[in-house]
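A.B. asks: Residue numbers (the working numbering), protein chains in the order written: chain A, 14 to 357; chain B, 14 to 357.
Protein chains: 2
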Amino acid sequence: MKEDIARRREAILEAVVDCYIDSARPVGSRVIARKMGLSSATIRNVMQDLEEEGFIMQPHTSAGRVPTEKGYRYYVDSLMRLRRLTEAQKRNIDSEYAFKMKSLEDLLAKTSHIISMVTGCAGVVLLPKTEYSHFRHIELVSISRNKILVLLVAGSGIAKDFIIDTDYYIDSDTLDRITKFLNDSSYDMTLDEIKDHLEARLRAERDYSYKIIEQARNIMSSVLMSHIESKLYIDGASHILVQPEFSDARRIKAIIEFLEDKERMLELLLGDVREIGTRILIGSESRVRSLNDMSIITSGYRIKDNIIGRVGVIGPTRMSYEKVVPIVNFLADTLTGMLRELEV
Amino acid sequence: MKEDIARRREAILEAVVDCYIDSARPVGSRVIARKMGLSSATIRNVMQDLEEEGFIMQPHTSAGRVPTEKGYRYYVDSLMRLRRLTEAQKRNIDSEYAFKMKSLEDLLAKTSHIISMVTGCAGVVLLPKTEYSHFRHIELVSISRNKILVLLVAGSGIAKDFIIDTDYYIDSDTLDRITKFLNDSSYDMTLDEIKDHLEARLRAERDYSYKIIEQARNIMSSVLMSHIESKLYIDGASHILVQPEFSDARRIKAIIEFLEDKERMLELLLGDVREIGTRILIGSESRVRSLNDMSIITSGYRIKDNIIGRVGVIGPTRMSYEKVVPIVNFLADTLTGMLRELEV
DNA sequence: AATTAGCACTCTTAACTTGAGAGTGCTAAC
DNA sequence: GTTAGCACTCTCAAGTTAAGAGTGCTAATT
């Protein structure tokens, strides 16, 4: 008996959320009454209970109900039924990936594009600092008297380039030998390990001259200092603007502003880089003011069982979680697969 | 006599444009009358003439006048008085650049950020394909059986990385020798020149084994094929959204959509990469629908007297050209200066 | 005891009305 | 050639109204 009632409450909450998600307007008791074969008065009674418990609310007396964050949370945790991707969607995604990707950067940018296309939300791909990934190759190219271009290749073909300053000129021959030394001594270590062991290795070293070792030390510490930055790919922000909740220009401005603020975006997304599985933040759970009625869904992608980054979406709280969550997961898997192909 | 009248007409046009730019609303005859010490009736007469000739227009009977594109064009070409940057602005820019830039990419991204901050428009920096720039160094890193990571360094520290497929496995020793061969044979040539001369050089080569030359040929043609893509840095799109003309959500959406469409943006900006000096496109001159009442101002930045890219803004047609044009030019110069520092 | 019909009530929304204000074009006077 | 004056037009914001949607409560029904 009691369980039946509980189940009905859930069904009604689910119906409210579903309806609201695809109509974008408060749902009244009649709509649900029709769906459930009960009278609207009965539904109203249940709705009153749900409202008291904070799952739904009325924007004003005599409007229908709208899910609260608590309502969405319950829906996401217990009620929604994830929808498998349609064959058409999969084909669509595959065909987008079919264009040859020339670099990791291309691949990630493309992914954020695809994800925004398929979900209608803003697509986000995060590639965190490579501190934890494996050192594969370093190359030093002298580009002026006291500037050296460092090309750093980590596992799985992630390459970064940056410029460091040196105090004095290093001739190309010396540079070659430093390069060789660094490559030989650090292969397959993580940057963290390199940091820890470099000093000892330098001191133990006998094959190279003092001068070379000294310079290698300087260069490598510059490399470690200029900790390689996280990268963020965002695409399709314009998609979310078609939603009726963004008819207010000021809201739009706030959102676009936030999406453009790389620093704060990183802060937000880096928070749970290593989290396993799907992460769903609803509305204020993100603790970001301007993302008040936005939700964030991300999933980790991996290289060799290590989560190295996140892919996901940012969209209105009123997004189709049932549809978007599986897509985000699918793309995290796809990306993981593509990275495996590159793997050493 | 006649000249005096002509001059007055210009002064009135200028006043209309100036007023409209900073008030965002149609300019009436009274406002201008006060400024010029003439009666509003007189001004009205002149305005009627200007309207007949298409320099200004009325949004509706009994509103003030608004500049047409033709009016803006005349203003920009003949009337405006560029404003020097204030010391505060210069200091502001310098301090933004003070943070150490780790790579060319950082530098360009930073520049687009700065330009958007200072102008209140969306900042744009274009780095075109490096076809024309000088080859400095190539590095090949094997990352799997048949994938090679190519690191390509062009003049001034522009580095690009991308992955190419090979038909068969190349051992690391051979790879080193191919690398050496390519570096020796192509130093300081442009990719175009390399394309033209590679074949001849390969045939003439005697120092390396047939196999190495054959593989070098394959790799290099892959490098040339996967023509390195243009890059585009856009920042501060949200700034332009505060302008009153963007109170309509649909317009906002159209603009954001266009700014996110890298392909079309490139098409638009690549059109006049090599154009010398400042380029100003007003409204429909850009031939892009969704940029109907937007203007684009760009200026080329150089390395060794060659224009290698463009920096500029996209903002509402009603932007302060007098203020923005000098800023764009200033940043083009600053960027040129910074690149000279990196120069070999 | 749970469900439902019925009804009064509330609140939003869109359409219409209205009046003030801004600005014009024209004419006649300076 | 310039200006004062005036009738006219159009927008914009404020106010009014009526329709519609949806509620909460009460009383009747199962």
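C-beta: ideal position from N, C-alpha, C; glycine also.
Could you name the residues of the same chain whose beta carbon sits closer than 6 Å to that of A/L237, not counting the 5 residues immediately before and after it, in chain order?
C.D. replies: Answer for A/L237: K208, listed in chain order.
A.B. asks: On the DSSP bridge list, what partners appear for A/D248?
C.D. replies: Its beta-bridge partners are A/G136.
A.B. asks: By the 10 Å Cβ neighbour count, where 16 or more other Cβ atoms means buried, how is A/S199 classified, buried or exposed?
C.D. replies: Flag for A/S199 reads buried.
A.B. asks: So, helix, strand or coil for B/H73, using DSSP?
C.D. replies: Coil.
A.B. asks: Hey, could you find the ends of the alpha helix (DSSP H) A/I45 is sitting in?
C.D. replies: Segment 42-49, the alpha helix (DSSP H) holding A/I45.
A.B. asks: Compute the beta-carbon to beta-carbon distance between B/E258 and B/A37, rounded to the nearest angstrom, for a pair I have assumed lies under 8 Å.
C.D. replies: Indeed they touch by this definition, with Cβ atoms about 7 Å apart.
A.B. asks: I need the straight-line Cα distance from B/I161 to B/I106, nearest angstrom please.
C.D. replies: Straight-line Cα distance between these residues: approximately 41 Å.
A.B. asks: Do we get a CB-CB distance below 8 Å when we pair A/R78 with the residues of chain B?
C.D. replies: Output row for A/R78: interface = no.
A.B. asks: Rounded to the nearest angstrom, what separates B/I45 and B/H73 at their Cα positions?
C.D. replies: The straight-line gap from Cα to Cα measures roughly 19 Å.
A.B. asks: So A/T311 and A/V337 are in contact, right, with Cβ under 8 Å, and what is the actual spacing, rounded?
C.D. replies: Contact flag wrong, Cβ pair sits at about 11 Å.
A.B. asks: Of all Cβ atoms in chain B, is any one closer than 8 Å to the Cβ of A/V337?
C.D. replies: Judged by the 8 Å Cβ criterion, A/V337 is not in contact with chain B.
A.B. asks: Would you kindly work out how many angstroms separate the C-alpha atoms of A/I247 and B/G67, rounded to a whole number?
C.D. replies: Near 42 Å, if we compare the C-alpha coordinates of B/G67 and A/I247.
A.B. asks: With DSSP run on the structure shown, which of helix, strand or coil describes B/D180?
C.D. replies: In this structure, B/D180 counts as coil in the three-state DSSP scheme.
A.B. asks: Under 8 Å between C-beta atoms, does B/V301 make it to chain A?
C.D. replies: No, no contact with chain A.
A.B. asks: Could you tell me the distance, in whole angstroms, from the CA atom of B/M430 to the CA atom of B/H150?
C.D. replies: Absent from the structure is residue 430 of chain B, since the part of chain B shown begins at 14 and ends at 357.
A.B. asks: Does B/A167 come within less than 8 Å of chain A when only Cβ atoms are used?
C.D. replies: Cβ-Cβ to chain A under 8 Å: no for B/A167.
A.B. asks: In whole angstroms, what is the alpha-carbon distance linking B/T132 and B/T330?
C.D. replies: So the alpha carbons of these two residues sit roughly 13 Å apart.
A.B. asks: On the three-state DSSP scale, how would you describe A/N319?
C.D. replies: The answer is strand: DSSP assigns A/N319 an E or B state.
A.B. asks: What did DSSP end up calling B/G296 once you bin it into helix, strand or coil?
C.D. replies: Helix, per DSSP.
A.B. asks: Go to B/V163, then tell me how far its alpha helix (DSSP H) extends in each direction, as first and last residue.
C.D. replies: Run containing B/V163: none in the alpha helix (DSSP H); it sits in the beta strand (DSSP E), 160-167.
A.B. asks: What would DSSP say about B/D174, mapped onto helix, strand or coil?
C.D. replies: Strand, per DSSP.
A.B. asks: What does A/G249 reach in chain B if we use C-beta pairs closer than 8 Å?
C.D. replies: Those within 8 Å of A/G249 in chain B are E273.
A.B. asks: Give me the residue from B/S333, B/L283, B/D17, B/I309 with the minimum Cα distance to B/I320.
C.D. replies: Of the listed residues, the one whose Cα sits closest to B/I320 is B/L283.
A.B. asks: Can you check whether the C-beta of A/N174 is within less than 8 Å of a C-beta belonging to chain B?
C.D. replies: The displayed chain sequence assigns Asp, not Asn, to residue 174 of chain A. Yes - at least one Cβ of chain B is within 8 Å of the one on A/D174.
A.B. asks: Along the region 254-271 of chain A, what residues have a CB closer than 7 Å to any CB found in chain B?
C.D. replies: Of all residues in the region 254-271 of chain A, L254, V255, F259, S260, A262, I265, K266, I269, E270 have a Cβ within less than 7 Å of some Cβ in chain B.
A.B. asks: Please check if any C-beta of chain A sits within less than 8 Å of the C-beta of B/K115.
C.D. replies: Cβ-Cβ to chain A under 8 Å: yes for B/K115.
A.B. asks: Determine the chain A residues that contact B/R149 at a beta-carbon separation under 8 Å, and present them in chain order.
C.D. replies: Per Cβ cutoff of 8 Å: V154, I156.
A.B. asks: So with CB distances below 8 Å, who are the chain A contacts of B/L164?
C.D. replies: Ordered by position in chain A, the residues that pass the 8 Å Cβ test against B/L164 are E152, L164, V166, A172, D174.
A.B. asks: Measuring only the C-alpha atoms, how far is A/D119 from A/R353?
C.D. replies: Roughly 16 Å between the two C-alpha positions.
A.B. asks: Do A/L215 and A/L188 count as a contact pair if the criterion is CB distance below 8 Å?
C.D. replies: No, they are not a contact pair.
A.B. asks: What are the start and end residues of the beta strand (DSSP E) that includes B/R86?
C.D. replies: Careful: B/R86 lies outside any beta strand (DSSP E), inside the alpha helix (DSSP H) at 82-87.
A.B. asks: Beta-carbon of B/N342 versus every beta-carbon of chain A: anything under 8 Å?
C.D. replies: By this cut-off, B/N342 is not an interface position.
A.B. asks: Thinking C-alpha only, which one of B/H147, B/S52, B/N231, B/L272 is nearest B/K317?
C.D. replies: Considering only alpha carbons, the answer is B/H147.
A.B. asks: Here's the rule: buried if 16 or more other CB atoms are within 10 angstroms of the residue's CB, otherwise exposed. What is B/S299?
C.D. replies: Buried.
A.B. asks: So is B/Y87 buried or exposed if we call it buried at 16+ other beta carbons inside 10 Å?
C.D. replies: B/Y87 is buried by the Cβ-count criterion.
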